[in-house]
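Chemist:
Number of protein chains: 2
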Amino acid sequence: MGDRQSPGENRDKYSLRGRVYESIREDILSGRYQQHMELKETAIGAELGVSRTPVREALRQLELEGLVDIIPNRGAYVNMITAKDVNDIYIIRSMLEGLCTRWATEYITEEQLEDLEETLCLSEYHTKKDNYEKLYELDSLFHEQLYRASNSRILNHVLSDFHDYVKRVRKVTIAYQGRSVKSTEEHRAIFEAVRARNAEMAEELAKEHVKHTMECIQVCGLEKIL
Amino acid sequence: MGDRQSPGENRDKYSLRGRVYESIREDILSGRYQQHMELKETAIGAELGVSRTPVREALRQLELEGLVDIIPNRGAYVNMITAKDVNDIYIIRSMLEGLCTRWATEYITEEQLEDLEETLCLSEYHTKKDNYEKLYELDSLFHEQLYRASNSRILNHVLSDFHDYVKRVRKVTIAYQGRSVKSTEEHRAIFEAVRARNAEMAEELAKEHVKHTMECIQVCGLEKIL
DNA sequence: CTTTGTATTATTGTATACAATTATTTATCG
DNA sequence: CGATAAATAATTGTATACAATAATACAAAG
Chain A
1 MGDRQSPGEN
11 RDKYSLRGRV
21 YESIREDILS
31 GRYQQHMELK
41 ETAIGAELGV
51 SRTPVREALR
61 QLELEGLVDI
71 IPNRGAYVNM
81 ITAKDVNDIY
91 IIRSMLEGLC
101 TRWATEYITE
111 EQLEDLEETL
121 CLSEYHTKKD
131 NYEKLYELDS
141 LFHEQLYRAS
151 NSRILNHVLS
161 DFHDYVKRVR
171 KVTIAYQGRS
181 VKSTEEHRAI
191 FEAVRARNAE
201 MAEELAKEHV
211 KHTMECIQVC
221 GLEKIL
Chain P
1001 MGDRQSPGEN
1011 RDKYSLRGRV
1021 YESIREDILS
1031 GRYQQHMELK
1041 ETAIGAELGV
1051 SRTPVREALR
1061 QLELEGLVDI
1071 IPNRGAYVNM
1081 ITAKDVNDIY
1091 IIRSMLEGLC
1101 TRWATEYITE
1111 EQLEDLEETL
1121 CLSEYHTKKD
1131 NYEKLYELDS
1141 LFHEQLYRAS
1151 NSRILNHVLS
1161 DFHDYVKRVR
1171 KVTIAYQGRS
1181 VKSTEEHRAI
1191 FEAVRARNAE
1201 MAEELAKEHV
1211 KHTMECIQVC
1221 GLEKIL
């Protein structure tokens, strides 16, 4: 079947436009650009060694996504993820990750379960070593794997975007105090519920997992991160 | 303040690219194009009387949205909303419309309340006249107004997209049997709960409203619509 | 008649050119 | 000196040109 699932996979990372898109997006989400900063086509093109054409296409995509505001005949302006956006996203995510995990208990294949457990084992390994860089990647992977297992391209699409949008925050929370230990334990619990095909429990655990991260954000102080 | 809210407002409908984007999007969502149909840049450009440039930019936006698949160096292909997508969207919407309405009770202004009631009154008027064309527009407007009132650009963005994606389905359900009467009654109930600032009830009513539409879709037979 | 390799054609990817619009500077007048 | 208006520059919007890649047609060999 030609179902493609992850929007991430779908995005063309190898054409010039794809690379420009990823580059600008990363610069916005990582906070390297400032809010309302003007993005001039020629400047970005020169910086990346390409012409205006791929830059324009990338900017139009970012506009649709809401990460860039385009005023016709004027220019493109950075539109960052705000503190309120992050809060909203986490509240929405706590619902949708719950739904996603519920669906995953229904649709996940044995192969996907094995992949998920592998990710989990690696997470447990690197948790002991306090390797936060790697843990961030594995945390992302664990969630992405659940998104795919939900068998819903719609849910996968939305959750993947949200996951990207709170990148900066996740990088901080995962390195905060004992959060990584707790987070990995929660991942283990979610995994066991999914493997046991216990939809109720899986949904509840996933919702709680997101809520716990929210609490961590409160403690860390969101304003200091963004 | 320069907060822009609705992504619909944000989209540039007056540049060539904006018009091309709306045109292709409408042709996909309305079912005028067939699944996996190839979208050739020159052909679409010729049809709309523009060059390839705005067509390409529009196709890239639709790719990001997931309504078009682009295979590098090969072409762009229609990727329609499937029956499963519609089901998934309604389940997700029942959660998110609930949340949206809850937030609306918190943030809605007196002015927005008046606008909402005006929409509602018009709906009640046209419900009596069985004017389904107008009712569809008013139903859209009612929901969009609630999205804005939620004061969450993230939620507004997601829900607005979903609302567009199930356009075809909504046009059918609204004209089905006594659904429009029931739907308008439910809108009235939601409005009253919001005006009374009763968050619990507003959320519950909104969730139920979406679920009732889902039941209507089951009866209508989704496969016959798409 | 089928298969395979080559030539041709069609289509996309990127760069550039030109037009339209907006921002900036400069000159003029009060 | 300050305000206003014209001239100039900078930037975006669109079209087109050229290069790279993929699809197609066709011919020759088996």
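Keeping their order, the protein sequence lines are chains A and P.
In terms of my numbering, the first sequence opens at residue 1 and continues consecutively.
In terms of my numbering, the second sequence opens at residue 1001 and continues consecutively.
All C-beta atoms, glycine included, are put in the ideal place defined by N, C-alpha and C.
1) Indicate whether LEU1155(P) and TYR1147(P) have their beta-carbon atoms separated by less than 8 angstroms.
2) Report the residue ranges of all alpha helix (DSSP H) runs contained in full by the region 73–151 of chain A; include only those spanning at least 4 residues, in chain order.
3) Anyone know if the C-beta pair for VAL1068(P) and TYR1077(P) falls short of 8 angstroms?
4) Thinking C-alpha only, which one of ILE1071(P), ILE1044(P), GLU1204(P), SER1030(P) is nearest VAL1020(P)?
5) How is ILE1071(P) classed by DSSP in three states: helix, strand or coil?
6) The region 1016–1027 of chain P: which residues have C-beta closer than 9 angstroms to a C-beta of chain A, in chain order?
7) Shortest alpha-carbon distance to ASP139(A) belongs to which of GLN112(A), ALA149(A), ARG170(A)?
8) From the DSSP output, in three-state form, read off LEU226(A) for me.
9) Return the chain-ordered list of same chain residues with a C-beta closer than 8 angstroms to the C-beta of LEU222(A), the five sequence neighbours on each side being excluded.
10) With 8 angstroms as the C-beta to C-beta threshold (strictly closer), list the residues of the region 1078–1093 of chain P near chain A in chain order.
11) If contacts are defined as beta-carbon pairs under 8 angstroms, then LEU1205(P) and GLN61(A) qualify, I think. What distance do you get, rounded to the angstrom?
12) Quick test of your reading: ALA149(A) and ILE89(A), contact by CB under 8 angstroms. State the CB separation rounded to the nearest angstrom.
13) Could you compute how far the alpha carbon of ILE1071(P) sits from the alpha carbon of GLN1035(P)?
14) May I ask you to report which of helix, strand or coil DSSP gives GLY1002(P)?
15) Inspect the beta-carbon positions of CYS216(A) and THR173(A) and report whether they are closer than 8 angstroms.
16) Using a Cβ-Cβ cut-off of 8 angstroms, state whether ASP1164(P) counts as contacting chain A.
17) Does chain P have any CB closer than 8 angstroms to the CB of LYS207(A)?
18) Ends of the alpha helix (DSSP H) at GLY1018(P)?
19) Does the distance from the C-beta atom of MET80(A) to that of ILE28(A) stay below 8 angstroms?
20) From THR42(A) to GLU57(A), what does the alpha carbon distance come to, in whole angstroms?
21) Considering only their Cβ atoms, is the gap separating HIS1143(P) from HIS1163(P) smaller than 8 angstroms?
22) Tell me which same chain residues have a C-beta within less than 7 angstroms of the C-beta of MET201(A), skipping the five on either side of it?
23) Give the DSSP bridge partners of LEU1039(P), in chain order.
24) Can you tell me whether DSSP reads ALA189(A) as helix, strand or coil?
25) Can you tell which of ARG1179(P), LYS1040(P), GLY1075(P), LEU1096(P) has its C-alpha closest to the C-alpha of ALA158(A)?
Modeler: Judging by the given coordinates:
1) Working through the second sequence from its first residue, we reach residue 1155(P) at position 155. Working through the second sequence from its first residue, we reach residue 1147(P) at position 147. Yes; because the gap between Cβ atoms is below 8 angstroms, this pair is in contact.
2) 83–107, 110–128, 132–149
3) Stepping through the second sequence from its first residue, residue 1068(P) is reached at position 68. Stepping through the second sequence from its first residue, residue 1077(P) is reached at position 77. Result yes, Cβ atoms of VAL1068(P) and TYR1077(P) sit closer than 8 angstroms.
4) Looking up residue 1020(P) in the second sequence gives position 20. Cα-wise, what sits closest to VAL1020(P) is ILE1044(P).
5) Within the second sequence, residue 1071(P) is the residue found at index 71, counting from 1. The answer is strand: DSSP assigns ILE1071(P) an E or B state.
6) ARG1017, GLY1018, TYR1021
7) In the first sequence, the residue the question calls residue 139(A) occupies position 139. Among GLN112(A), ALA149(A), ARG170(A), the Cα nearest to that of ASP139(A) is on ARG170(A).
8) The residue given as residue 226(A) occupies position 226 in the first sequence. Three-state result, LEU226(A): coil.
9) Counting from one through the first sequence, the residue named residue 222(A) turns up at place 222. These residues qualify, in order along the chain: ALA83, VAL86, ASN87, VAL169.
10) LYS1084, ASP1085, ASP1088, ILE1089, ILE1091, ILE1092
11) The residue given as residue 1205(P) occupies position 205 in the second sequence. The residue given as residue 61(A) occupies position 61 in the first sequence. Wrong, their Cβ atoms sit about 37 angstroms apart, outside the cutoff.
12) Within the first sequence, the letter at position 149 stands for residue 149(A). Within the first sequence, the letter at position 89 stands for residue 89(A). That pair is no contact at about 21 angstroms.
13) Position 71 of the second sequence holds residue 1071(P). Position 35 of the second sequence holds residue 1035(P). About 15 angstroms.
14) Residue numbering aside, residue 1002(P) sits at position 2 when the second sequence is read from its first letter. Because the pLDDT at GLY1002(P) is just 34, under 50, the model does not fix this residue reliably, and the value given afterwards should be weighed accordingly. GLY1002(P): coil per DSSP, three-state reduction.
15) As a first step, residue 216(A) is located in the first sequence; it is residue number 216 there, counting from the start. As a first step, residue 173(A) is located in the first sequence; it is residue number 173 there, counting from the start. Against a cut-off of 8 angstroms, the Cβ pair of THR173(A) and CYS216(A) comes out as a contact.
16) The residue you call residue 1164(P) lines up with position 164 of the second sequence. So no, ASP1164(P) is outside the interface.
17) Numbered from its first residue, the first sequence carries residue 207(A) at position 207. LYS207(A) does not count as touching chain P.
18) On the second sequence, position 18 is the one that residue 1018(P) refers to. Residues 1016–1029.
19) Here residue 80(A) refers to the residue found at position 80 when the first sequence is read from its first residue. Here residue 28(A) refers to the residue found at position 28 when the first sequence is read from its first residue. Yes, the pair counts as a contact, with Cβ atoms nearer than the cut-off.
20) Locating residue 42(A) in the first sequence gives position 42, counting from the first residue. Locating residue 57(A) in the first sequence gives position 57, counting from the first residue. If I take the Cα positions, the gap works out to 13 angstroms.
21) As a first step, residue 1163(P) is located in the second sequence; it is residue number 163 there, counting from the start. As a first step, residue 1143(P) is located in the second sequence; it is residue number 143 there, counting from the start. Cβ distance < 8 angstroms, so HIS1163(P) and HIS1143(P) count as in contact.
22) For this step, residue 201(A) is matched to residue 201 along the first sequence. Hits under 7 angstroms: ALA193.
23) For the purposes of this step, residue 1039(P) is identified with residue 39 of the second sequence, where counting begins at 1. DSSP lists ALA1076(P) as partners of LEU1039(P).
24) Sequence index remark: in the first sequence, residue 189(A) carries index 189 (1-based). Helix.
25) Numbered from its first residue, the first sequence carries residue 158(A) at position 158. Reading off the sequence shown, one finds Val at residue 158(A), where the question assumed Ala. When only C-alpha atoms are compared, the closest one is LEU1096(P).
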